[in-house]
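S.K.: Residue numbers (full-length UniProt numbering): 1 to 305. Glycine included, each C-beta is placed from N, C-alpha and C at the ideal position.
(1) Mapping DSSP to helix, strand and coil, what is residue 27?
(2) Residue 210: buried (16+ other C-beta within 10 angstroms of its C-beta) or exposed?
(3) Please determine, among 234, 276, 263, 233, the residue with the shortest C-alpha to C-alpha distance to residue 251.
(4) Would you call residue 37 buried or exposed, if buried means 16 or more other Cβ atoms sit within 10 Å of its Cβ?
(5) Evaluate residue 295 with the Cβ neighbour count: other Cβ atoms within 10 Å of its Cβ, from every protein chain shown; 16 or more gives buried, anything less gives exposed.
(6) Mind checking whether residue 212 and residue 201 have CB atoms under 8 Å apart?
(7) Pull up the distance between the alpha-carbon of residue 24 and that of residue 157, whole angstroms please.
(8) Using the C-alpha atoms, what's the distance from residue 142 back to residue 72?
(9) For the beta strand (DSSP E) containing residue 18, name the first residue and the last one.
(10) In whole angstroms, give me the CA-to-CA distance for residue 176 and residue 198.
(11) CB-CB under 8 Å to residue 172, same chain, minus the five flanking residues each way: which ones, in chain order?
(12) Using a 10 Å radius around the Cβ and a threshold of 16 neighbouring Cβ atoms, would you call residue 302 buried or exposed?
(13) Measure the alpha-carbon distance for residue 281 versus residue 263 and round it to whole angstroms.
(14) Taking residue 337 and residue 31 to be in contact with their CB atoms under 8 Å, please state how far apart those CB atoms are, rounded to whole angstroms.
(15) Leaving out the 5 sequence neighbours to the left and right, which residues in its chain are closer than 6 Å to residue 77 when beta-carbon positions are compared?
Structure, rendered in structure tokens:
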């Protein structure tokens, strides 16, 4: 909401209108897709091994777009939200049935926001801001998927090292964290509840940062079959009861609140990460993501990039 005007539209910078190119040029290709009839496990495997955050869902016959499934949709299914009821009620907590028999169609978004190949950058950014999304399938007139655009693609195209805005101006200050003693299920529930696909893992007793866990980490846990090893009785709830530190990673990167937004973007690109923890005097004071950078730069009144 902080990037929208009172009329619900973003105030796109004049500079953005001058950037050449359209969706056809900016789209990442090839795009990895899944069929609506594919089992959830197959889609999780694709996300895990290709390390993408979303898969356009296509009709198995004519290959037209019928939906999109994201890592967060899968986290919802893997214990985080209402989709977990399918696991409990239809599959009786059986992890093998839940992953191998349930089709992607059950958890996908059947009405994804898309753009055509001719869409210009201001239109692309406006859709991302208004709908608060970071992934847009690029769809041909016949309904087939041409490619996909993420906020990473746009930030990489726009950013320079000196933006003239500080990290503390655009970061999220109320950081939702997860204790290192929590379970994977608690992490999944926290992600779905607050709508965040990444959580810093902290020691709540000392305040020390242990690492990070993301929605893709949880999907990888299932997609690479590690969850099966932690469910000897074959129950999904058993696989979800492992410590969050088993699935998350100790690797994380930080930046100071006074740093330039361009410095933060450059650091993300160099480290191949989509977020940085903002630390002041050893304490966690915020988090900045590629989406924060994109929206802040694209809607700035007088950007210097």
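M.R.: Checking against the coordinates, here is how it stands:
(1) In this structure, DSSP gives residue 27 a state outside helix and strand, which the three-state scheme calls coil.
(2) Burial check for residue 210: the Cβ neighbour count within 10 Å reaches 16 or more, so the residue is buried.
(3) When each option's Cα is compared against that of residue 251, the closest is 276.
(4) exposed
(5) buried
(6) yes
(7) 14 Å
(8) 28 Å
(9) Here residue 18 belongs to no beta strand (DSSP E), and DSSP marks it neither H nor E.
(10) 9 Å
(11) 286, 287, 288, 289, 292
(12) Below a pLDDT of 50, predicted positions are generally treated as unreliable, and residue 302, at 46, falls in that range; the measurement from the model is reported next regardless. Classification for residue 302: exposed.
(13) Near 19 Å, if we compare the C-alpha coordinates of residue 263 and residue 281.
(14) With the chain covering only 1 through 305, there is no way to say anything about residue 337.
(15) 83, 107
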